[in-house]
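See structure below.
Protein chains: 2
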Amino acid sequence: MPWEDVLKQVREVMDELAPQAEITNIDLEGPLVVVYTRDMEFFADHPDIIKKVAQTVRRRIFIRPDPSLLMDEAQAKDEILNIVPEEAGIRDIYFVPETGEVVIEAESPGAVIGKDGQLLNEIKKRIRWAPRVVRAPPLESRIVKEMRAYLKLVREERREILRNIGKRINRPPLSGEQWVRVEALGGYREVGRSATLIMTRTSRVLVDCGLNVAVSDKADPWSGAPYLYVPEVWDASDPEKPFKHIDAVVVTHAHLDHVGLVPLLFKYNYDGPVYMTAPTRDLAAMLLIDYVKVAQSEGKKVPYESKHIKEMIKHTITLKYGETTDIAPDIRLTFHNAGHILGSSVSHFHIGEGLYNIVITGDIKYERSWLFNAAHNRFPRVETVIMESTYGGREDFQPSRREAAERLKDVVMRTYDKGGKILIPVFAVGRSQEVMLVLESFMRNGELPEMPIYLDGMIWEATTIHAAYPEYLNKDLRELIFQKKENPFLSPIFHRVESVERREEVISSSDPLIVLSTSGMMNGGPVLEYFKHWADDPRNTLVFVGYQAVGTLGRRIQNGLKEVLMSLGGKPFTVKVEMNIETIDGFSGHSDRRQLVQYISSMNPKPERVIICHGEENKCIDLAIGLHKRYGMETMALKNLEVVRLR
Amino acid sequence: MPWEDVLKQVREVMDELAPQAEITNIDLEGPLVVVYTRDMEFFADHPDIIKKVAQTVRRRIFIRPDPSLLMDEAQAKDEILNIVPEEAGIRDIYFVPETGEVVIEAESPGAVIGKDGQLLNEIKKRIRWAPRVVRAPPLESRIVKEMRAYLKLVREERREILRNIGKRINRPPLSGEQWVRVEALGGYREVGRSATLIMTRTSRVLVDCGLNVAVSDKADPWSGAPYLYVPEVWDASDPEKPFKHIDAVVVTHAHLDHVGLVPLLFKYNYDGPVYMTAPTRDLAAMLLIDYVKVAQSEGKKVPYESKHIKEMIKHTITLKYGETTDIAPDIRLTFHNAGHILGSSVSHFHIGEGLYNIVITGDIKYERSWLFNAAHNRFPRVETVIMESTYGGREDFQPSRREAAERLKDVVMRTYDKGGKILIPVFAVGRSQEVMLVLESFMRNGELPEMPIYLDGMIWEATTIHAAYPEYLNKDLRELIFQKKENPFLSPIFHRVESVERREEVISSSDPLIVLSTSGMMNGGPVLEYFKHWADDPRNTLVFVGYQAVGTLGRRIQNGLKEVLMSLGGKPFTVKVEMNIETIDGFSGHSDRRQLVQYISSMNPKPERVIICHGEENKCIDLAIGLHKRYGMETMALKNLEVVRLR
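Chains L and D, in that order, are what the protein sequence lines are.
Residues in the first sequence are numbered from 1 upward in steps of one, following UniProt numbering.
Residues in the second sequence are numbered from 1 upward in steps of one, following UniProt numbering.
In structure tokens, the structure reads:
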């Protein structure tokens, strides 16, 4: 149905079902049909009506107050501050015009609500925005605040973008034989540059668009990138807008090997939507901006600029877990918890009207961790699963979280006893927060002596973003964080390294200490500074707690590299690796072999086919064979550039 | 190397190696670099020079006389007729400007050549064209003559087309990672609409572009067509020239399921080359023109017009078996005998400089037949074979040619004894000539009583094209044909049905007789007229000697269909099938299971991978499994729309 007809039909159904609702406008906003009304209460009292309209037109309907009703934002803010008593401890007030809501972050939410909701009702009556009160997160996130400010700044521009996206989604699907294909564009039989293309007769959806940061071949500007230049993705006839046939981009989580080249699409004027969860958007923004900054400061070529990251944010549509949304005329997307990092998603694609269902796991942890619940594996329907296999090899059995923690304790203790320092390379997002929680807990219980833990390279920033999205954390942690006194992240043992001077102090300190620093695979970042100075002292320990990809310095050191050529003050010098090297498995955000197999075997319903990706070649093949032998389902280890027809 | 540089380099090497040769021009002509000279004899005396130049610039070099030297064609023709005595029996003289040759077709070639080549030398000296004398074919082919006339007519236009093709072939290949992919576009896990796309980083080559004539769904204009609308083939941004990214089209043989939609490419302004053998071009022209004519007369929609067939011919570059040619910056093609029908080819693709080799068998007969040698399976290198599997099922073992002939004799004899008539549906090209040879031989030897054999629907035309290309036939038949007295095709038992009146006479005749008529699968053509009138008489016999595809009337009758709804004089009426239905295996132009397996097992060198196509789904899968189990090589039964990466 063309979009004009969709709007017309919504109008007709509305007129029939709710003639008394004062509807002032009906518009497209990305995947949503937004109905503006002067009578929000009518719809609050009649929730069935929206459901019925949605079912009739088969679209997601959103009711929103007519903007003319809402008080000006600055004025409304003043009103709220007047009404609410000071002891409520309001920390932030921000407006969400998309929902007609105003969010009030307060230290004592009860004091904002008032007895029997009295104050809240008063606020509502005065400003007409719908107030939502939330407990102020214990940590302030600079990124989250900047994101809100930026989105406010580009609100008008974004409205137009979303309307165009809506028009595109609502174009009629092509008739004739219907089929479903999937192409491996990157990250198949390898780790890095993840990218998968879903193609139907009508639509093309790109799932992830990662960058392999371990690869940088200056002769080939596309090295480290997925195969985006193939005609299935790149329209060579329109060099101004080569990605124009892509209906939507879906990002499963914020790591660079999944989101690192999404801004490149915008460099080439992609103007479609990017779907991800809100925490993925914020974490991705942080990591991408840092990536560009670091690369530029190191004089490396970067395939895009900061402004393209901003374009990405401008075109991002956030979805919550469990929220089903049309992203193309014949494709619906639903995100679910993946357990890997904050906001990470298992993506379920429903194609056609009951034609086919694909689940793309992204990176998954199928075990409850200190941070998240285990990855979701219950779906209404699923025929094909595309699953990661980072630890999918037949030998890849990992210790439990508990055992891993015990090993870490041992390593720290032994190094402490020798008077050495401990360096732990970590991704800013994911592993660092888990290791922080474990170390803090041991020190609090006295199982480890107290010593300072230094956080270098965006780890603190990432941690604050976790606090801003408590609904994405598991229940235990959520409670810990909001019990302010026991909030582990606020423990005084943690110190942020915020300047080069501070880093030098830490490096030359003679006290026992622990450093958590990025990058997690040692292919850049401040971790190298610590390593440079500490590597030749056998009392010190380097502890790997995460996956080290082929080609990274981390992997080579793990494999026994004894000398590393680095530079010091611009001059090349050779670092001798005399420090103790430890690898502690079990902290990974990836499922081990057993968990991957269990994820599939306990999936409900059972998939017909599993495509293995995101693992070294032998692991992909081994897991594919293993699953096929044990469960009889069709399995395949696609190669990059291959296309399989699912239906 | 850009094409300008190629020409420059040829010029430089020529100047160095052959400064005395009077070179007047160097130009591109499709895959060739053509060097025009005033001194043909110099090059005739120094054949090594061309070889050296070719090796240096890595291009095929062609030496041609400067046109200003050659006598005007009409005048030259008169000169030849003056010089050659009448008893030579000159039947045709035609000029080939591409080679600077004049071909003299004569009944007594010796009389044209003269004692010690005296006359020939004289001709050459006078007209400057290089005379080539060939024995006049015993049958005149209308199609072959028309083809020569047409090519002469469009010679100038063609020169420009070939120059542009040459420029495109000589563009520099893209740098960076090199890979090879193959896409199944049609005819995979099915028979009909064969189409395969070879993709490299630089180039795209379409091998076959067939039409499934058994499918005609009016709701879907692309029914019966390969999946040409996918972005790998079709550039949606340029609706004027959507096929512009295709570097070359290769046609393996003239049947409609392989060439039927090549003209469609020209309807959409494709302007690249089409490579095939000369007999494939002539047969394809005949079959395509007939297809359009018949379809139009039946009021069916045809996806293109006659003028697009002409465009195809204009863009066709013919290759001989064993002639290696650049068809893209990084792809070289060599055709070899496939044994299936006249001019049918096994295509060998050499990609990059030693990067990869693919063999696409097209349809193959791996057994010497009455017409052709067994399919070629010796190559310099081959990693992947894409092979047909029409009779690839585990039960598909066929009798030998000899046994098949004996069975045919029995069936004819029994029907003759009952006083019935025999109807044999055949493809015009391939089976009909074999059946003619067998029947003629039995009647000549007295093993069958003499009775008239009527040829309806282009069988005669097709037969004459065989006589025009004796070098494509096996040696025995070639000798038979040229021993005029015994030429089986000239036997008086054969009668052409050239008019509706004649057909009606044959239909109502009460004498014993045999009809060979198209179409071979009874999905149209004059065979239906005979069937309509003869089907209800149990004395008559319908004999299938070729493959009947799923969905065709032939297949349904073979499966026991007892009533067929047809039309007679525009009115629907029901034909009761009472006639005797016989299927004689062993005449097929396709290899049976044993021959397919032998073709691969005796291939030299052994391929690493075999992709199975052109067979019903279960046959493709069964053959893939069988070959893998027996020889351990990787095998796959791709689905249409799938892409596999070979390297």
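Where a beta carbon is used, it is the ideal one built from N, C-alpha and C, also for glycine.
Predicted model, so just to flag it, every value in this text is computed and none were measured.
Kindly list, in the order they appear in chain D, the residues whose Cβ is closer than 8 Å to that of L:Leu641.
Result: Trp179, Arg181, Val643, Arg645.
By Cβ distance, which residues of its chain are closer than 6 Å to D:Cys209, with the 5 residues on each side in sequence left out?
Excluding sequence neighbours, D:Cys209 sits near Ala195, Leu261, Val262.
Determine which residues of the segment 182-201 of chain L have a Cβ less than 9 Å from any Cβ of chain D, and write them out in chain order.
For the segment 182-201 of chain L, which is checked against every Cβ of chain D, the residues closer than 9 Å are Glu183, Ala184, Met199, Arg201.
Could you tell me the boundaries of the alpha helix (DSSP H) in which residue 697 of chain L lies?
There is simply no residue 697 of chain L to check, as chain L begins at 1 and stops at 647 in what is shown.
Taking 8 Å as the cut-off, decide whether the C-beta atoms of L:Ile579 and L:Gly554 are in contact.
First, the amino acid is wrong: residue 579 of chain L is Met here, not Ile. Contact flag unset, no.
Output the distance between the C-alpha atoms of L:Leu333 and L:Ile358, rounded to the nearest integer angstrom.
The alpha-carbon atoms of L:Leu333 and L:Ile358 are separated by roughly 10 Å.
Does any CB atom of chain L fall closer than 8 Å to the CB of D:Ser237?
Interface residue, yes.
Taking only the alpha-carbon atoms, compute the straight-line gap between L:Pro452 and L:Pro512 and give it to the nearest angstrom.
Going by the C-alpha atoms only, they are around 8 Å apart.
On the CB-based measure, 16 or more other CB atoms within 10 Å of its CB, does residue 659 of chain D come out buried or exposed?
The structure shown does not extend to residue 659 of chain D, since chain D is modelled only from 1 through 647, so no value can be given for it.
Under 8 Å, do D:Thr56 and D:Val96 count as touching if we go by C-beta distance?
Going by C-beta atoms, D:Thr56 is not nearer than 8 Å to D:Val96.
Is the CB of D:Pro172 under 8 Å away from at least one CB in chain L?
Chain L, which has no Cβ nearer than 8 Å to the Cβ of D:Pro172, makes this no.
DSSP on L:Leu153, reduced to helix/strand/coil?
Three-state DSSP puts L:Leu153 in a helix.
Where does D:Arg379 fall in DSSP's three states?
According to the sequence displayed, residue 379 of chain D carries Phe and not Arg. Coil.
Please confirm whether D:Gly272 has its beta-carbon closer than 8 Å to some beta-carbon of chain L.
So no, D:Gly272 is outside the interface.
Just the C-alpha distance for L:Met147 and L:Lys314, rounded to the nearest angstrom, thanks.
Approximately 10 Å between the Cα atoms of the pair.
Quick one: which unbroken beta strand (DSSP E) runs of 3-plus residues sit fully inside the UniProt region "Metallo-beta-lactamase C-terminus" (589-647) of chain D? Chain order, please.
Here the runs fully enclosed are 609-613, 634-636, 643-645.
D:Phe266 by DSSP, collapsed to three states: which one?
Three-state DSSP puts D:Phe266 in a helix.
Kindly indicate which residue of D:Gly362, D:Arg594, D:His348 has the alpha-carbon position closest to the one of D:Ile341.
Comparing Cα-Cα distances from D:Ile341 to each of D:Gly362, D:Arg594, D:His348, the minimum goes to D:Gly362.
Alpha carbon to alpha carbon, how far is D:Tyr631 from D:Ser602? Give it in angstroms, no decimals.
The straight-line gap from Cα to Cα measures roughly 11 Å.
Is the separation between the beta-carbon of L:Val249 and that of L:Leu228 shorter than 8 Å?
Cβ distance not < 8 Å, so L:Val249 and L:Leu228 don't count as in contact.
Just to confirm, are L:Pro242 and L:Thr202 a CB contact at a threshold of 8 Å?
Contact: no.
L:Leu568: beta carbon under 7 Å from a heavy atom of the ligand HEM?
With respect to the ligand HEM, the structure offers nothing, as it holds no ligand at all.
Measure the C-alpha to C-alpha separation of L:Arg135 and L:Ile584 and round it to an integer number of angstroms.
So the alpha carbons of these two residues sit roughly 36 Å apart.
What do you reckon, are the CB atoms on L:Pro231 and D:Glu232 nearer than 8 Å?
A contact, by the Cβ cut-off of 8 Å.
Which two residues bound the contiguous beta strand (DSSP E) that contains D:Pro425?
Unbroken beta strand (DSSP E) run through D:Pro425: 422-425.
How would you call residue 658 of chain D, buried or exposed, if buried means at least 16 neighbouring beta carbons within 10 angstroms?
With chain D covering only 1 through 647, there is no way to say anything about residue 658 of chain D.
To which residues of the same chain is D:Glu395 closer than 6 Å at the C-beta, ignoring the five residues directly before and after it?
If we look at D:Glu395 and ignore the five residues flanking it on each side, it has no Cβ neighbours.
Check the C-beta distance from L:Thr37 over to L:Asp66 and give it rounded, since I have them as a contact under 8 Å.
About 6 Å separates the two Cβ atoms, so the contact holds.
For L:Lys562, count neighbouring C-beta atoms within 10 Å of its own C-beta (all shown protein chains included) and say buried if the count is 16 or more, exposed if not.
Exposed, since its Cβ has fewer than 16 Cβ neighbours within 10 Å.
Please report how far the alpha carbon of L:Lys124 lies from the alpha carbon of L:Val10, in whole angstroms.
C-alpha separation (whole angstroms): 28 Å.
Can you name the start and end residues of the alpha helix (DSSP H) that L:Thr334 belongs to?
Note, L:Thr334: premise wrong, no alpha helix (DSSP H); beta strand (DSSP E) at 331-337.
Just verifying my parser: in three-state terms, what is the DSSP assignment at L:Val554?
Correcting the residue type first, residue 554 of chain L is Gly in the shown sequence and not Val. L:Gly554: helix per DSSP, three-state reduction.
Take L:Met413 and list the residues in its own chain whose beta-carbon comes closer than 7 Å to its own, dropping the five residues that flank it on each side.
Leu448.
Between the alpha carbons of D:Ile612 and D:His253, how many angstroms are there, rounded?
Distance between the alpha carbons of D:Ile612 and D:His253: 18 Å.
Taking all protein chains shown into account, decide if L:Phe573 is buried (16 or more other Cβ within 10 angstroms of its Cβ) or exposed.
So L:Phe573 counts as exposed.
Pull the bridge partners of D:Tyr304 from the DSSP assignment, please.
The partner list for D:Tyr304 (beta bridge, DSSP) is empty, contrary to what the question assumes.
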